[in-house]
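Heads up: the sequence shown begins at 1 in the UniProt record's numbering, then just goes up one per residue. Even for Gly, the Cβ is constructed at its ideal location relative to N, Cα and C. Computed from a prediction, not measured in an experiment: that's the story for all the values here.
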Amino acid sequence: MAVVAARDVADIETLVRFAGEAGVPVAAQPGGHAPTAAQSGAIILRTAALDEVVLDRDARRVRAGAGVKWQAVLDVLDGTGLMADIGSNGDVSVVGYLLGGGMSWFSRAHGLAASRVVSYDVVDATGTARTVDADTDPELFWALRGGGGDFAVVTAVEFGLFECDRLYGGALHWPGARNEQVLSAYAAVTAAAPAALTLWVWWGTWPDVDGLPPEMRGQSFITVNFTYLGSAEDAEPYLAELRAVPDTVLDTTGDVQPSALPLVAGEGDHPRPAMDWAQLLSEVDGAVVTSLAKLTGPASGSPLIMCLRHLGGAFATDCGGAAGSITQPYLLLAFGMPMAPGVAEQVHEHWAGLEREFSAYLDGSTQCNMLGYEHRPHHAFPSETLVRLRDVKRRHDPRGTIRGNRPVLSD
1 MAVVAARDVA
11 DIETLVRFAG
21 EAGVPVAAQP
31 GGHAPTAAQS
41 GAIILRTAAL
51 DEVVLDRDAR
61 RVRAGAGVKW
71 QAVLDVLDGT
81 GLMADIGSNG
91 DVSVVGYLLG
101 GGMSWFSRAH
111 GLAASRVVSY
121 DVVDATGTAR
131 TVDADTDPEL
141 FWALRGGGGD
151 FAVVTAVEFG
161 LFECDRLYGG
171 ALHWPGARNE
181 QVLSAYAAVT
191 AAAPAALTLW
201 VWWGTWPDVD
211 GLPPEMRGQS
221 FITVNFTYLG
231 SAEDAEPYLA
241 ELRAVPDTVL
251 DTTGDVQPSA
261 LPLVAGEGDH
271 PRPAMDWAQL
281 LSEVDGAVVT
291 SLAKLTGPAS
301 GSPLIMCLRH
311 LGGAFATDCG
321 GAAGSITQPY
331 LLLAFGMPMA
341 PGVAEQVHEH
351 WAGLEREFSA
361 YLDGSTQCNM
371 LGYEHRPHHA
381 FPSETLVRLR
391 DVKRRHDPRG
401 TIRGNRPVLS
411 D
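Pasting the structure below:
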């Protein structure tokens, strides 16, 4: 395997032409987020040098190069009254996130982030640089709006912003002993939440191993993160049932500037070994809450770090691209940290336990950005969408020169 760090678009054109003639695939990997075994044997293309961020305040648009991470976009939005449909982490590639559809803090109000994309600058499988939009190449544009990075090397993206005069959010932290109470309150709050309010809940027990901060090792926790498009005064009545759960150990809520938005989730940017699993969930009722507390609470011995994300609202609006829409109201995630011998096997066993316990609420589907290491495209796309994506792939890249981390022609 070779690694090529492109200086500019011309370098990428040269690389793709060479790779096509040599019969070797090219896999763009801007920063190392979400690598998969599908990229083995490919030339890895690093795009960090394509780091231009251009804000057009009048048009409410941003143009971002393929090497740009979300934090760089958020930094230029402070004080503008504008916001982007970002996910949870500022260290994620803008292009990669949008190619996967983009599940944003604000998708309940606005839909998947891919719906904001105006155009992609690409180097196609022939090694030709061009701009792709709804007029110049509607089929390729459709595929790039949520179908992944398997169709062309994207060198820049232009996307829309939205007006946001006030954003309230933060995190509420409890000890793990409050697990079932917090989950019950979370279910009640999300059942009545307006589209402006998005809440996620994380819980689990950190492994007691080297490599984690001392204050985390072996500790059980449960945390609710949220954003609200509006003021604290308008948001707080919706949060009353969560506020009523006692023993809050930390409250970080307050007004949030764009540049500080990644602090709401607080995921950080330090790489750690992780195994991830995510499936869309049809309901969070009392039975689900009880089972989650039993299977993954502090007394369960589970090695999983769990998360529930509330979806609904405009998630159900078709984004105009391959990402389509999401009608299920929740996403259930389960992460393992294989930092000690035997943990990986335990993680697989506990994933299987979740699938058995919640078989009536899960159908095996997820969203493209959330595909785990072992998942395949058919988990993220309806069959008719996958057929269409495969047709686009065969027509635009018949030699398989471009290799995404989720190849659509794989089983």
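- Task: Return the residue from the list L82, W277, V123 and R399 that minimises the CA-CA distance to L332.
- Result: W277
Alpha-carbon to alpha-carbon, L308 and A187: 10 Å
Going by beta-carbon coordinates alone, are G111 and A322 separated by less than 7 Å?
no
### Query
Which term fits V40, buried or exposed, when burial requires 16 or more other beta carbons within 10 angstroms of its beta carbon?
Looking at the sequence provided, one finds Ser at residue 40 rather than Val. With fewer than 16 other Cβ atoms within 10 Å, it is exposed.
Thinking C-alpha only, which one of S259, E158, A235 and V209 is nearest A196?
-> A235
(request) Verify the CB distance criterion: does S119 have a CB-CB separation below 7 Å to chain D? (result) No chain D is part of this structure, which consists of one protein chain only.
- Evaluate contact between the region 73-87 and the region 173-191, counting only Cβ atoms and requiring at least three cross-stretch pairs below 8 Å. no
Margin query: Between V92 and K69, how many whole angstroms is the CB-CB distance? I'm expecting something under 8 Å.
Written below: 6 Å
Worksheet item: Can you list, in chain order, the stretches of the beta strand (DSSP E) that have 3 or more residues and sit fully within the region 198-260?
Response: 220-228
Taking just the CA atoms, how far does P262 sit from Q71?
8 Å
> By DSSP, does W277 sit in helix, in strand, or in coil?
Replying inline: strand
**Request:** Note the first and the last residue of the continuous beta strand (DSSP E) segment covering T131.
**Result:** A129 to V132
By alpha-carbon positions, which one of V256, V245, L140 and V249 ends up nearest to L82? V256
Look at the alpha carbon of V62 and the alpha carbon of A185, and state the distance between them as a whole number of angstroms. 38 Å
(request) Helix, strand or coil for A334, going by three-state DSSP, please let me know. (result) strand
- Query: With burial defined as no fewer than 16 other Cβ atoms inside 10 Å of the residue's Cβ, what is the status of M275: buried or exposed?
  - Reply: buried
Worksheet item: Which residues share a DSSP beta bridge with G160?
Response: R61
Practice problem: May I ask whether a heavy atom of the ligand ATP can be found less than 6 Å away from the beta carbon of T128? | Solution: This structure lacks the ligand ATP, and indeed carries no ligand of any kind.
Could you tell me which residues DSSP puts in a beta bridge with L140? Beta-bridge pairing links L140 to no other residue.
Practice prompt. Tell me, to the nearest whole angstrom, how far the beta carbon of P25 is from that of A66; I am working on the premise that it is less than 8 Å.
Written response: Contact doesn't hold; Cβ gap of about 17 Å is too wide.
**Message:** Quick check on P175: does DSSP put it in helix, strand or coil?
**Reply:** strand
With a CB to CB cut of under 8 Å and the five nearest residues on each side skipped, what residues in its chain are close to R390? V408 and L409
| Status (buried if at least 16 other CB within 10 Å, exposed otherwise) for M216 | exposed
Exercise. Using the C-alpha atoms, what's the distance from L99 back to I305?
Worked result: 26 Å
Can you name the start and end residues of the alpha helix (DSSP H) that residue 412 belongs to? Residue 412 lies beyond the range of the chain shown here (1 to 411); nothing can be said about it.
Of the listed residues R57, Y330, F335 and G101, nearest to W351 (C-alpha basis)
F335
Taking its Cβ as the centre, do 16 or more other Cβ atoms sit within 10 Å of D8, making it buried, or is it exposed? exposed
Problem - alpha helix (DSSP H) runs wholly inside the region 58-116, at least 4 long, in chain order - result: 70-77, 94-99 and 107-110
Quiz item: Helix, strand or coil: which one does DSSP assign to G286?
Solution: helix
Please report the distance separating the alpha-carbon of T252 from that of L172. 7 Å
CA nearest to the CA of G297, picked from Q219, W203, E355 and A380: W203
ask   = With respect to the alpha helix (DSSP H) encompassing W19, which residues constitute its N-terminal and C-terminal limits?
value = Residue 19 is actually Ala in this sequence, not Trp. Run containing A19: V9 to A22, per the alpha helix (DSSP H) assignment.
Item to complete: Please state if the CB of L371 and the CB of H378 are separated by a distance shorter than 7 Å.
Response: no
Q. Under the rule that 16 or more other beta-carbon atoms within 10 Å means buried, what is T128, buried or exposed?
A. exposed
Helix, strand or coil for R403, going by three-state DSSP, please let me know. coil
Outcome for T155 when other beta-carbon atoms lying within 10 angstroms are tallied against a minimum of 16 = buried
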